[in-house]
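Working notes, beginning with the structure itself.
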Amino acid sequence: MINASLKELSAALAQRKISAVELATLFLDRMERLNPTLNAFITTDRDKTLAQARCADEIRKVGAGDTAASLSDTPLNGIPLAHKDIFCTQGWRTTCGSKMLANFVSPYDAHVVERFAAAGMVTLGKLNMDEFAMGSSNETSFFGPVKNPWDVSRVPGGSSGGSAAAIAARLAPAATGTDTGGSIRQPAALCGLTGLKPTYGVVSRYGMIAFASSLDQAGPMAKSAEDCALMLTAMAGFDTRDSTSLERPAEDYSRHLNQPLTGLKIGLPKEFFGDGMDTDVRAAVEAALAEYRKLGATTVEVSLPHSELSVPAYYVIAPAEASSNLSRFDGVRYGYRAPDYGDLADMYSKTRAQGFGAEVKRRILIGTYVLSHGYYDAYYLKAQKIRRLIAADFTEAFTQCDVIMGPTSPSVAFAFGAKNADPVQMYLSDIYTISTNLAGLPGMSLPCGFGNAQLPNPMPVGLQIIGRWFDEARMLNVAHQYQQVTDWHMRMPEGMA
1 MINASLKELS AALAQRKISA VELATLFLDR MERLNPTLNA FITTDRDKTL
51 AQARCADEIR KVGAGDTAAS LSDTPLNGIP LAHKDIFCTQ GWRTTCGSKM
101 LANFVSPYDA HVVERFAAAG MVTLGKLNMD EFAMGSSNET SFFGPVKNPW
151 DVSRVPGGSS GGSAAAIAAR LAPAATGTDT GGSIRQPAAL CGLTGLKPTY
201 GVVSRYGMIA FASSLDQAGP MAKSAEDCAL MLTAMAGFDT RDSTSLERPA
251 EDYSRHLNQP LTGLKIGLPK EFFGDGMDTD VRAAVEAALA EYRKLGATTV
301 EVSLPHSELS VPAYYVIAPA EASSNLSRFD GVRYGYRAPD YGDLADMYSK
351 TRAQGFGAEV KRRILIGTYV LSHGYYDAYY LKAQKIRRLI AADFTEAFTQ
401 CDVIMGPTSP SVAFAFGAKN ADPVQMYLSD IYTISTNLAG LPGMSLPCGF
451 GNAQLPNPMP VGLQIIGRWF DEARMLNVAH QYQQVTDWHM RMPEGMA
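Sequential numbering of the sequence shown, starting at 1, is according to the UniProt record's numbering.
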């Protein structure tokens with residue numbers, strides 16, 4: 001059961017081959033055994049999880065009444081999942097990986113949590129992450145780093161590293177993540193699974209603790225594109241509580257999964273295939289592109305001339321928005337408060353100094369600086385102009401192709417501490433993913449092979465697919481067809497059985 005797809009789990013539950021309680025217990029037992037090594041979960045509560053599972057079983061058994069009937073008919077009813085600890089979850093500790101919120105218990109559910117609860121899914125727990133989603137390696141969490149199940153001496157990627165590690169190690173069949181500059185796709189690539197960042201506004205940000213409001217987007221993480229399609233169908237939807245939520249008709253994102261790829265045009269940005277990509281990553285990506293050609297697709301070279309400016313533009317815009325969003329954490333209303341202080345100003349200062357980690361402080365300082373008088377026009381306004389140019393580059397590229405492909409990350413997972421001394425090198429881990437967030441486009445990563453074959457533990461490589469705005473169903477079709485003729489997404493780390 002731990003390797004079953006969400007569709008297979010749904011069928012097993014519907015046919016009474018296994019109960020929701022038995023399925024939840026299977027994953028809870030694995031979590032109890034493996035999480036001390038991986039540190040993927042921050043908070044678990046066996047009693048709450050099993051109570052939800054019993055409710056799912058009752059709904060299937062009774063199947064009477066409007067609510068019960070609607071839930072029993074959903075394909076996700078009774079299937080376990082875990083939430084990144086950035087989503088407010090009623091009655092559960094919601095920490096955002098920070099000392100600042102280490103004891104915060106949310107009084108309400110995020111929209112995404114509500115949607116999955118309405119579908120009958122069972123919450124396994126809250127997943128570890130980089131503090132306030134700021135990081136590319138999951139080393140900035142107040143609760144300690146998450147270990148990559150393929151090699152525990154290496155990072156799982158960030159900020160959704162806990163989500164990626166939990167799925168890769170089969171501690172959960174699926175999980176939620178958030179992506180501000182690559183934080184779903186990069187850990188999906190480094191841990192060998194599938195992750196999707198939808199078009200900005202497709203999934204509500206209500207109850208998702210904000211990092212950079214114009215960039216943050218929630219999305220699904222699972223083993224396969226088919227699983228992600230089922231999840232996105234459940235989690236997407238308009239929400240009046242989020243001013244950036246888009247009012248669009250409901251979609252079944254699995255509707256195109258089985259369409260052939262004959263005639264598909266794949267754009268290959270020349271900027272993605274230059275210097276900076278490791279040779280083993282290049283080899284895996286090129287092998288995947290060859291497989292797509294066998295499936296009937298053709299490849300064309302395209303250009304994204306301003307993509308080299310995406311990292312500097314992002315690291316002006318994102319910190320600027322973070323400095324504003326994180327101003328609410330001051331020790332007055334909720335969260336951590338410094339135990340000893342003189343006056344109100346001293347309390348603010350000490351609370352934020354003690355409650356935030358080094359990376360969060362660095363970004364708040366950068367953001368405050370670029371928004372300050374005399375620097376706003378020179379930095380923030382100029383970065384927003386670059387953002388428009390990046391979006392225009394994609395618009396032009398999509399006149400020549402249907403989807404864009406390339407590597408998700410320039411390298412496989414690196415060792416802990418390898419980039420901590422140089423923040424810029426860490427930031428460059430997201431060089432292929434950041435531009436889609438700046439443009440608001442959908443992007444996804446799927447496993448396409450392994451690199452570092454000379455090491456005892458070869459590490460996964462991710463292939464990135466970028467689509468037009470609102471073209472998630474096509475992207476999922478493109479990924480699914482590849483996964484029908486390859487088994488990279490079914491590989492499991494040794495020692496995690």
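Where a beta carbon is used, it is the ideal one built from N, C-alpha and C, also for glycine. All of these numbers come straight from a predicted model, not from anything done at the bench.
Taking each of Gly157, Phe416, Gly467, Lys419 in turn and checking the Cα distance to Ala439, the smallest one comes out for Gly467. Where Ala172 is concerned, there is no enclosing beta strand (DSSP E), because DSSP gives it neither an H nor an E. Taking all protein chains in view, the Cβ of Gln217 is crowded by 16 or more other Cβ atoms within 10 Å, so the residue is classified as buried.
Around the beta carbon of Gly495, fewer than 16 other beta carbons sit within 10 angstroms, so the residue counts as exposed. Around the Cβ of Met490, a 10 Å sphere holds fewer than 16 other Cβ atoms; the residue is exposed.
With respect to Val311, Ile431 sits close: the two C-beta atoms are nearer than 8 Å.
Close CB contacts of Phe470 within its chain, under the 8 Å cut and outside five residues either way in sequence, are with Thr199, Val202, Arg248, Pro442 (chain order). By the Cβ neighbour-count rule, His480 is buried, with 16 or more other Cβ atoms within 10 Å of its own.
Sequence-distant partners of Pro319 (beyond 5 residues in either direction) whose C-beta falls short of 6 Å from its own C-beta, in its chain, are Arg363, Ile366, Gly367. Non-local beta-carbon contacts of Ala53 in its own chain, meaning distances under 6 Å to residues more than five positions away in sequence, involve Ala20, Val21, Ala24, Val122 in chain order.
The DSSP-derived three-state label of Glu251 is coil.
DSSP links Phe87 through a beta bridge to Met208. Gly462 is bridged by DSSP to Pro447.
Boundaries of the alpha helix (DSSP H) around Ala118: 111 to 118.
Assignment of beta-bridge partners to Ala218 by DSSP yields Thr178. Leu193 sits close to Ala222, with the two beta carbons spaced by under 8 Å.
Residue environment for Lys294: exposed (fewer than 16 other C-beta atoms within 10 angstroms of its C-beta).
The three-state secondary structure of Asn457, taken from DSSP, is coil. Taken in chain order, the unbroken stretches of alpha helix (DSSP H) that lie wholly in the segment 414 to 448 and span 4 residues or more are 423 to 427, 434 to 439.
Rounded to the nearest angstrom, the Cβ distance from Ala236 to Ala172 is 20 Å, too far for a contact under 8 Å.
In the three-state reduction of the DSSP assignment, Ile79 falls in the coil class. With respect to the 8 Å criterion, Ser409 and Gly462 are classified as neighbours on the basis of their beta carbons. Less than 8 Å divides the Cβ of Ser183 from the Cβ of Gly158. Straight-line measurement puts the Cα of Glu396 at about 12 Å from the Cα of Val403. DSSP places Asp151 within a strand segment (E or B) once states are collapsed to three. Within 10 angstroms of the beta-carbon of Lys17 lie fewer than 16 other beta-carbons, which makes it exposed. Of Phe142, Leu232, Leu215, Gln186, the smallest CA-CA separation from Val155 is found for Gln186.
When the Cα atoms are used, Leu371 and Glu472 turn out to be separated by approximately 34 Å.
Contact between Gly406 and Pro269 holds: their C-beta atoms lie close to 6 Å from each other, under 8 Å.
By the Cβ rule, the segment 106 to 123 does not count as touching the segment 132 to 139, because fewer than three pairs are nearer than 8 Å. Shown here, Pro145 sits in coil according to DSSP, grouped into three states, outside any helix or strand. In this structure, the alpha-carbon of Leu76 lies about 31 Å from that of Thr262. For Phe27, no beta strand (DSSP E) run applies; the uninterrupted alpha helix (DSSP H) run containing it begins and ends at 20 to 38, by DSSP. Assignment of Gly367 by DSSP, reduced to helix, strand and coil, places it in the helix class. In the three-state reduction of the DSSP assignment, Leu50 falls in the helix class. The criterion of a C-beta distance shorter than 8 Å is not satisfied by Phe41 and Lys99.
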